[in-house]
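Heads up, the sequence shown is in the numbering used here, so the first residue is 108 and it goes up one at a time.
The structure appears below as structure tokens.
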Amino acid sequence: MSRTKAGSPHDPRGKERFHEERATYTVASAQPDLETGLTAIRDTVRTLKPRPGVYRMLDARGDVLYVGKARSLKARVANYTQVKALSNRLQRMVSQTRRMEIVVTNSEAEALLLEAQLIKRYRPPFNVLLRDDKSFPFILLRADHAFPRIMKHRGARRAKGNYYGPFASAGSVNKTLNALQKLFLLRSCTDSFFNNRDRPCLLYQIKRCSAPCVGRIDEEGYASLVSEAKDFLSGKSGAVQANIEKKMAKAAEDLDFETATILRDRLRAATFIQGSQAINASGMGDADVFALASKGGQVGVQAFFIRGGQNWGHRAFFPKNTTDLDEPEVLADVLLQFYEEVPPPRTILVDRELPEQELIAEALCEKAGHGVAISIPQRGTRRKLMQQASRNAVEALERRLAESGTKARIFREMAEFLELDEPPRRIEIYDNSHIQGDKALGAMVVAGPEGFEKGQYRKFNIREAATNDDFGMMREVMGRRFRKLAETAPDPEDGVQSGKKGHEAIWPDLLLIDGGKGQVSSVVAVLEDHGIADSVPVIGIAKGPHHGREGREVFHFPDGREKTLPTNSPLLFHLQTLRDEVHRYAIGAHRAKRSRAITASPLDEIPGIGPSRKRALLLHFGTAGKVRAAALEDLKRAPGISEGVARQIYDFYHAGG
């Protein structure tokens, strides 16, 4: 066990916020053992002091089981040694713990932020997890150009400019962005496109851009539009609309009907944005609204995003690992993980009192750099908004439960039809793709009860098998997928399902192969070679004798049996969806591989020749063949090619001669 103070000036990684070192205390055991876990925790407690910080519990493989924060690390971690006071869930966690990692922080608020950061990173199975892999879209008004660009943005906010959001979905941000372009006529094109225009593009013709690229508006006029856009997005929409109305009336009075028409269209765009707000949030400023609903052991959280008094959408979250936890604790964990990615607004409205609510507000204030208030609305507009959020939370959870019931039934039917011991939690679907043996690759997609796990998809470039041998390609793919797993992972019956070390460490519950008897036999042969043929069920899905007819799929079992499903079966449709997804992924990966091959050049093989020098050589000589045949003096005369680089190119083709 080791401890490190957060934010230490001796942090070797510099740019990272917290410095961590691995614990030195390790107990090697893969099986749950309560006494062994208690021993590991007690040995850690002896070295701790009553300081704030974050602790991690790890199992024998080094996977993080749980991340927690504490005002006093010594007191908090010592609580886990009081077995009788622990819930069944915490006893299971302690029984799997083999070592701990500790990070000391400067304050409890800092520990709270680090806890959320580490939960987001490691996704421990005993923490509440906010399952939402999609980043939230923002509108970015850039500030690094004389004529700033307005655009949709996802990910880290590194570019200089003003960010407005979050929006609940790409659809909501796209609609708003289109209306903003009509309202303020700001450019959306890239800088390179902007710099190379000699006449206005189509967006100018349809009145969605003011064409600053060709001087149809000067810098001062464009700056005025940018200022109006900032005011509108910051909540001063009424003043902006009033100003446009005033200008429109003046243009009409001056008989400048063309300008009046443009202003009228801009006013309509502003009205569209205001009218699309299904929720009345006027006077709210910047606020997020969270309401929680629970039913049938599941929890749903509804969030409304209000910015500048405008509703920018809503989204429902369904956190995992909420069993045996109080609802306020679940909501608190959701908030902290949500704001790990999204900047907190000044106002956060919740439907119940949170544990350590003041501490959470303090931590979010530290993260945001401005005041953050968390409150329960009691009356007026805020109360009505919370009631609406609560209704949405209940309805979203009921829809989720209905969908889950349908999925659970399909997975039970799948287990029965495919003769599995239990409904599969992880299904791996495989396919190969090539055109007349060219650029062959294998593809794997992963699915489970909650849908496709796109972060687990994998491509296999075929290296050994003949590229016109489908069976050989499948054998190679399976060999690479299971060789390391069979050697290092525990038996699949031990329940290894952690995804933290990638798909290589996870046993699938079902292999679904796009193909018939030959492909299934190839896969089974590889599994037998590794001694795991009885551990991984294999099923082939192939179109029947009438290949062009959907619904005639035949399912091939390793023992040679075949089964079919009725054409109107929901299970058949689900299995077709799995097969179609791997087919789509394999074809897409193959097309990308061929595209890269098409743009490849013999010059790529020369060390030190990057895209710029390759382009210069091809422009000067015309073809790669002429570069190869060029004399050393000719190479030296090529633009951008120094004497040393010319010698390097010449030696590459002439073996130093």
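Backbone N, C-alpha and C define an ideal beta-carbon position, used for all residues, glycine too.
With contacts defined by Cβ atoms closer than 7 Å, residue 621 and residue 538 form a contacting pair. For residue 160, the number of other beta carbons within 10 angstroms of its own is at least 16, and it is reported as buried. Pairwise C-beta distances place the segment 661-670 in contact with the segment 624-631, as three or more of them are shorter than 8 Å.
Runs of the alpha helix (DSSP H) spanning 4 or more residues and lying entirely within the segment 143-222 occur at 180-185 and 195-203, in chain order. If you check the CB distance, residue 248 and residue 281 do not come in under 7 Å. Here residue 559 is bridged, per DSSP, to 554. Spatial neighbours of residue 567 in its own chain (CB-CB distance under 7 Å, excluding positions within 5 residues in sequence) are listed in chain order as 548, 549, 584 and 587. For residue 636, the uninterrupted alpha helix (DSSP H) run begins and ends at 624-636, by DSSP. In the displayed model, residue 406 falls within a strand according to three-state DSSP. Secondary structure at residue 254: coil, using DSSP grouped into helix, strand and coil. Ranked by how close their Cα comes to the Cα of residue 252, the residues 237, 272 and 295 have 295 in first place. The alpha-carbon of residue 307 is positioned some 9 Å away from that of residue 323. Looking at the DSSP output, residue 649 bridges to 661. Here residue 145 is actually not in contact with residue 184; their C-beta atoms are around 12 Å apart, not less than 8 Å. In this structure residue 207 touches residue 164 by the C-beta definition: roughly 6 Å separates them, less than 8 Å. With a contact defined as Cβ atoms closer than 8 Å, residue 394 and residue 413 qualify at about 4 Å. By the C-beta criterion, the segment 168-176 is judged to be in contact with the segment 216-233, since at least 3 inter-stretch pairs fall below 8 Å.
Collapsing the DSSP output to three states places residue 461 in coil. Apart from sequence neighbours up to five positions away, the residues of its chain that approach residue 406 with a beta-carbon distance below 8 Å are 399, 400, 425, 426, 429, 434, 437 and 504, ordered along the chain. Assignment of residue 529 by DSSP, reduced to helix, strand and coil, places it in the coil class. Annotation: residue 571 to residue 579 spans about 9 Å, alpha carbon to alpha carbon. In the three-state scheme derived from DSSP, where H, G and I count as helix and E and B as strand, residue 672 is classed as coil.
Taken through DSSP and simplified to helix, strand or coil, residue 235 comes out as coil. Rounded to the nearest whole angstrom, the C-alpha separation of residue 699 and residue 690 is 14 Å. In this structure, the CA atom of residue 590 is about 18 Å from the CA atom of residue 563.
DSSP lists 245 as the beta-bridge partner residues of residue 260.
Under the DSSP assignment, residue 495 falls in the alpha helix (DSSP H) whose first and last residues are 487-524. At the C-beta level, residue 645 and residue 631 come within 7 Å of one another.
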